[in-house]
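Accompanying notes for the structure given below.
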Ligand code: UPG
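Numbering (our numbering), first residue to last: 41 to 458.
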């Protein structure tokens, strides 16, 4: 086997003091006492990409904040090539409901790359607890059982397991059956997955990041200039998603076309990036860009910096999330936090965030026309958008900000280390 070196992404500074405005004193106290409980433990998070996508987004906040709380926490990203990521993307797609073949050759690539990554940790001090994010690094479990037999292993599943392909679920279950604990984003995802014990934790957004903090008019104007010819003076609908088939950018285009029949000068921004562990992204991006070229009011934007994402979520009149499957959907809470109502599919974690008729509208995932009509309802009623926006901000403040998620996560870790 070859040596593959996992790497530790560079992380921003975070301090718990930055959250006093959005968090009650009880929760901050609770975080402090959990930190005391975990003071002597070494914790490792492993995932498969440092950038792009919701898991990296979460770890970029959780890991530095834990360290600020003096919980010794590392984050390592797998080292793998496209052969591996093609296997794990098939795994991701099959677990979210596509029927795909799973060959012995695919299993062999999966096992080999996981082994190559895990071997690197053998000479290090053992960790007391390892959190494995999503299916990609699960295969390392086998080696940790030998090299860190004392370590507790927690599997954090971020994907929508509403209707997984049985063959893939069986393969993943060979590993998940051996972890100490599994965390899912909704109870309905547990299904037939073999896991010893489970917790349900809703993900969260971090209100202090560049992506989510409040911005002054100057910062907004600066981004606005750079996005020209897109204009915040005319009605604007936005979807922000990796170019992934589950995000249904084509459905969003259809919804936009329906809405344009009633709203003149309507614009659509489709913002997307390529996650490092997703070899499908480029092809899908090209297909979406191709379909959009004929319409000058559709803007397909890639690799927008976080300030740009922030401004678009803030300045759009309506955000759309037309996913077909969605473990949670951080982009929904990101928009709601900025007081922008969201029209989204009634799948996965989206209905936790969109309260139909209060913070936005829910539509059937196969009803792009209905989504377009709901967009029109919002665009034609300034008062309703403003009211939904206020509701949205409150809903996210109560349920989907980082300190709440961190308490629940540390609770699980403390239990496992007990
Ligand atoms: N993002 C960008 N630029 C882009 C596209 C996306 O910054 O061009 C960001 C976006 O702002 C968000 C993140 O990437 O912060 C995407 O997160 P999310 O909307 O949650 O989707 P996924 O990347 O698919 O994340 C997976 C699950 C998702 C879950 C998340 C965390 O699919 O449902 O919420 O993991 O559990």
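Positions of the beta carbon are idealized from the N, C-alpha and C atoms, including for glycine. From a predicted model like this one, the values you see are computed outputs, not experimental measurements.
The ligand UPG heavy atom lying under 7 Å from the CB of residue 282: yes
Looking only at C-alpha atoms, which of 377, 409, 233, 210 sits nearest to residue 221? 233
The ligand UPG and residue 412: does the residue's C-beta get closer than 7 Å to at least one heavy atom of that ligand? no
According to DSSP, is residue 211 part of a helix, a strand, or is it coil? helix
Pairs of beta-carbons, one from the stretch 427–438 and one from the stretch 387–407, closer than 8 Å: are there three or more? yes
Quick check: is any heavy atom of the ligand UPG less than 7 Å from the C-beta of residue 313? yes
For residue 61, which option in 205, 254, 397 has the closest C-alpha, if you only look at C-alpha atoms? 254
Quick check: the Cα distance between residue 210 and residue 262, rounded to an integer number of angstroms? CA-to-CA, the gap between residue 210 and residue 262 works out to about 51 Å.
Taking only the alpha-carbon atoms, compute the straight-line gap between residue 413 and residue 55 and give it to the nearest angstrom. 43 Å
Coarse secondary structure for residue 368, derived from DSSP in three states: coil
Compare the beta carbon distance of residue 388 and residue 363 with 8 Å and say whether it is the shorter of the two. yes
By the three-class DSSP mapping on this structure, what secondary structure does residue 439 have? helix
Opposite residue 396 in the DSSP bridges: which residues? 400
Burial state of residue 136 (16 or more Cβ within 10 Å): buried
Within 10 angstroms of the Cβ of residue 292, are there 16 or more other Cβ atoms? Answer buried if so, exposed if not. So residue 292 ends up on the buried side.
Anticipated Cβ contact below 8 Å, residue 242 with residue 368, distance rounded: 7 Å
Once the 5 residues before and after residue 198 are set aside, which same chain residues still bring their CB inside 6 Å of it? 95, 174, 367
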